[in-house]
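Colleague: Per our numbering: the sequence shown ends with 760, consecutive numbering throughout.
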Amino acid sequence: ELQKRVDEIGNKEKSIVVYCASGSRSETARNFLKSLGYEKVVNAGGLSNMPR
709 ELQKRVDEIG NKEKSIVVYC ASGSRSETAR NFLKSLGYEK VVNAGGLSNM
759 PR
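(1) S730 and N751: beta carbons closer than 7 Å?
(2) Along the chain, where does the alpha helix (DSSP H) that runs through N739 open and close?
(3) Could you check the C-alpha separation between A737 and E709 for me, to the nearest Å?
(4) As a quick exercise: from R760, P759, M758, V725, pick the residue whose alpha carbon is nearest that of L741.
(5) Taking only the alpha-carbon atoms, compute the straight-line gap between S756 and N739 and give it to the nearest angstrom.
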């Protein structure tokens, strides 16, 4: 999905936070965005690891 919609992100200078259920897909997304030149990308990890 991200590969199809990456153009919607726009400015490569903006900060981006990615997350998913477990943290593994968000790490893949972070690496993908970094490979495209997005420098301010942070992986927040997985929702399952967040305190309730």
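In this text, a Cβ means the ideal position worked out from N, Cα and C, and glycines have one as well.
Modeller: Inspection of the coordinates gives the following:
(1) At least 7 Å separates the beta-carbon of S730 from that of N751.
(2) Residues 732-743.
(3) When only Cα atoms are considered, A737 and E709 end up about 10 Å apart.
(4) Nearest option by C-alpha distance: V725.
(5) About 21 Å.
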